[in-house]
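Visitor: So that we are looking at the same thing, I have put the structure below in structure tokens.
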Amino acid sequence: MSIIVKPIVTEKVTRQGELSNRFGFVVDKKANKVQIKKAVEAAYNVTVTEVNTMNVRPDRTTKYTKSGLISGKTNAYKKAIVQVKDGETIDFYNNI
Numbered sequence: 030m031s032i033i034v035k036p037i038v039t040e041k042v043t044r045q046g047e048l049s050n051r052f053g054f055v056v057d058k059k060a061n062k063v064q065i066k067k068a069v070e071a072a073y074n075v076t077v078t079e080v081n082t083m084n085v086r087p088d089r090t091t092k093y094t095k096s097g098l099i100s101g102k103t104n105a106y107k108k109a110i111v112q113v114k115d116g117e118t119i120d121f122y123n124n125i
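So for the sequence shown, my numbering puts the first residue at 30; every next one is plus one.
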């Protein structure tokens, strides 16, 4: 079972990584904080000091099209914000 699904590379998370060594990941819905910590440490060779998790709810959308009303939703996922030890960093562009 793969704990880390993919890294989150947005402007907000990139800024957090530069300023306070916090990096974001999309993780498996059933993973707990201890499993996430071990997976990040093994994958990126860093020391994790703190893990915060959140469940992101699906967003429902409605579109008015020529063929009628279409409704849909995005997928729900679990997000983890990981803080690494001072002086260490994760480079998503070279490690993947």
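Where a beta carbon is used, it is the ideal one built from N, C-alpha and C, also for glycine. Since we're looking at a predicted model, the values are computed, not measured.
Out of T76, D115, I65, G101, state which residue places its alpha-carbon closest to the alpha-carbon of P36.
Guide: Residue 36 sits at position 7 when you count from the first residue of the sequence shown. Of T76, D115, I65, G101, the residue nearest in Cα terms is I65.
Visitor: Just to check my reading of the structure: V111 and V69 have Cβ atoms closer than 8 Å, yes? What is that Cβ distance to the nearest angstrom?
Guide: The sequence position of residue 111 within the sequence shown is 82, counting from 1. The sequence position of residue 69 within the sequence shown is 40, counting from 1. V111 to V69, Cβ: 5 Å. Contact.
Visitor: Which one or two residues does DSSP pair with Y106 in a beta bridge?
Guide: Your numbering for residue 106 matches position 77 in the sequence shown. Looking at the DSSP assignment, Y106 forms a beta bridge with V85.
Visitor: Kindly give me the distance between the Cβ atoms of A105 and P87, rounded to whole angstroms, as I take these residues to be in contact under 8 Å.
Guide: For the purposes of this step, residue 105 is taken as residue 76 along the sequence shown, with counting starting at 1. For the purposes of this step, residue 87 is taken as residue 58 along the sequence shown, with counting starting at 1. Contact flag correct, Cβ pair sits at about 5 Å.
Visitor: Going by beta carbon distance, what residues of the same chain come within less than 6 Å of K114, once the five residues before and after it are set aside?
Guide: As a position in the sequence shown, residue 114 is number 85, starting the count at 1. Hits under 6 Å: T76, T78.
Visitor: Is the Cβ-Cβ distance between G53 and K108 less than 8 Å?
Guide: Position 24 of the sequence shown holds residue 53. Position 79 of the sequence shown holds residue 108. Cβ atoms of G53 and K108: closer than 8 Å.
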